[in-house]
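Beneath this line is the structure, given in structure tokens, with notes to follow.
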Amino acid sequence: KGLHKNIPYIIGTTAHEYGAERYQKPQSSQDFLVSYKSKFGDRIDDFLEIIGFKDDPNRAILQGGLNDMIQPGVLAWCEHELILKDRAPTWLYYFTRELPGEMPAGAYHSAELWYVFQTVHRCYRPLCGIDFDLSIAMNKMWANFVKNGNPNSKDLPYWETYSTTSRSGMEFGDRLGMIAYPGSARSRFIANITLEQN
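Per the working numbering, the very first residue in the sequence shown carries number 358; after that it's consecutive.
Structure (structure tokens):
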């Protein structure tokens, strides 16, 4: 309904919100189908095709979890903002840096916080130079946003706002730069269904 404050936002997601997917036993195929059919109705076959369910049901199920809640919600929110008139800008980010370690969990939920708050030196994982450089850049962008309502500065890659002409976000990972349509086809599908239903 657009009842939230009309202020600039930074909003984003990580590439693997559900890092535990690599270690957990998947939900049964039957339970998964019942759950998702209730969400997507006659569009369930489209969804199953996108996620490769017929080829590898366990993999398709494991890639969901928090990913199916958080990523689509973030993308739907950005799309919702575009239909509201005279809204303040939104900057979308997509954190893809896979933190190293004995039990890698990818770019898991909240992994970006080590970087935003520039506390990577306290992280229990064996981080290296790229992590410290990325942390400096992210911390500076967030500080710019807090001070000026805009994360950009001359010494960092330009972070475009999420818009109808540029549905893109800033990728924070092994590279730092804009990426078109962040998130998976799976996340985009769920985001679009969410928007249609609301």
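All C-beta atoms, glycine included, are put in the ideal place defined by N, C-alpha and C.
Where residue i sits in the DSSP three-state scheme
i, result
"Glu528", "strand"
"Trp434", "helix"
Exposed unless 16 or more other CB atoms sit within 10 angstroms - verdict on residue i
i, result
"Asp425", "buried"
"Ser492", "buried"
"Ser525", "buried"
"Val302", "With the chain covering only 358 through 555, there is no way to say anything about residue 302."
Residue i: first and last residue of the uninterrupted beta strand (DSSP E) it sits in
i, result
"Phe474", "Careful: Phe474 lies outside any beta strand (DSSP E) and carries neither H nor E."
"Gly369", "366 to 371"
"Ala537", "533 to 537"
"Tyr451", "447 to 452"
Neighbourhood of residue i by C-beta, 8 Å cutoff - its chain only, sequence neighbours within 5 removed
i, result
"Leu552", "Ala433, Glu436, His437"
"Arg482", "Leu456, Pro457, Gly458"
"Asn501", "Asn507, Pro508, Asn509, Ser510"
Spatially closest choice to residue i from the options, by CA coordinates
i, options, result
"Gly530", "Lys411, Lys442, Ile367, Val473", "Val473"
"Pro461", "Leu484, Tyr519, Gln387, Asp402", "Leu484"
"Arg545", "Ser520, Ile407, Ile418", "Ile407"
"His361", "Leu441, Val477, Ala468", "Leu441"
Residue span of the alpha helix (DSSP H) that contains residue i, given as start and end
i, result
"Ala494", "486 to 505"
"Ser392", "386 to 397"
"Glu553", "542 to 554"
"Asp402", "401 to 408"
Other residues of its chain near residue i: CB distance less than 7 Å, five sequence neighbours each side excluded
i, result
"Met498", "Pro508, Leu513, Trp516"
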